[in-house]
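Taking it in order: structure first as structure tokens, then the write-up.
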Amino acid sequence: MAHSLLPAEANLGVFDRLAPRYDLLNTVLSFGLDRRWRRKAVGALAPRDGERYLDIGCGPGNVALEVLHQAPGALVVGLDRAQGMLARAATKAARAGVGGRLALAAGDACDLPFPDEAFSGLTSAFALRSFADRARAFAEMRRVLAPGGRAALLELTVPPNPLLRAGYWVHTRGLGMALVRLLSTEPVAYRLLLRSVDEWPPAEEVVGELRAAGFAEARFRRMSGGVATLYMARVA
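Below, the structure written as structure tokens:
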């Protein structure tokens with residue numbers, strides 16, 4: 003059983019505390035590439051107007067807003083356990099003028115509060131590491147997707163190439179940590195997030211878990227040399 007790679011105390015409150023600085027931390031961890039990755043992940047989902055989409059672990063709403071940018075007539079539900087993140091997402095949605103097309107809900111990826119086959123597609127970005135039970139979460143994703151529905155799942159990963167991996171260590175442990183301390187954000191939370199990235203399983207293993215959850219197709223694509231990985235899955 004694949005459990006959360008973040009300790010229980012982190013899952014209970016760290017994301018609420020991180021909410022005001024979450025975008026900054028993602029930018030630091032991703033070498034500033036997180037926006038590009040989100041665009042590509044949503045592009046792989048190929049959202050369409052009139053369809054319903056779910057963003058699991060929506061955080062401050064960045065992926066949900068990207069879905070609406072690419073498909074202005076779509077409807078999106080953003081789900082997160084952290085009230086601080088949902089508040090940030092609501093503020094961003096209001097500023098973007100899409101409040102009527104983005105619904106926000108508190109909930110757990112391992113027990114999605116939606117009926118079977120409720121969505122045409124779903125996304126999750128940088129949240130898979132925090133799922134309490136990854137196998138159960140993947141099964142829940144499969145359950146709420148309609149026939150032919152697709153999932154685009156984005157996660158931070160350690161590059162497999164030794165040279166790129168060395169650069170990753172220097173950036174995240176050196177420059178990244180210095181920047182986090184300079185901006186007085188959450189250095190302890192940052193270290194927890196780094197550890198969870200280090201402990202994330204190989205991409206092939208995650209693909210196997212998606213197939214075991216009932217997805218007819220599952221594959222992965224490394225992005226930016228493996229600093230992130232996009233997992234794509236489809237229901238028959």
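So in the numbering used here, spot 80 of the sequence shown is number 82, and the numbers just go up one at a time.
In this text, a Cβ means the ideal position worked out from N, Cα and C, and glycines have one as well.
- Restricting attention to 50, 168 and 94, the CA atom closest to the CA of residue 124 is found in 50.
- Comparing alpha-carbon positions, the option among 109, 118, 117 and 116 lying closest to residue 133 turns out to be 109.
- The DSSP-derived three-state label of residue 157 is strand.
- By the 16-neighbour rule on beta-carbons within 10 angstroms, residue 61 is buried.
- For residue 223, the enclosing beta strand (DSSP E) has its first and last residue at 219-225.
- With contacts defined as CB atoms closer than 8 Å, residue 199 and residue 233 fail to qualify as a contacting pair.
- By the C-beta density criterion, residue 93 is exposed, having fewer than 16 other C-beta atoms within 10 angstroms.
- Rounded to whole angstroms, residue 56 and residue 129 show a C-alpha spacing of 13 Å.
- For residue 51, no pairing in a beta bridge is given by DSSP.
- Runs of the beta strand (DSSP E) lying entirely within the region 112-139, each at least 3 residues long, are 121-127 in chain order.
- Using a Cβ-Cβ distance cut-off of 8 Å, the region 68-81 and the region 138-155 are not in contact, since fewer than three pairs of beta carbons, one from each stretch, lie closer than that value.
- Between residue 122 and residue 53, the CB-CB gap stays under 8 Å.
- If you look at residue 231, you'll find it in the beta strand (DSSP E) that goes 230-236.
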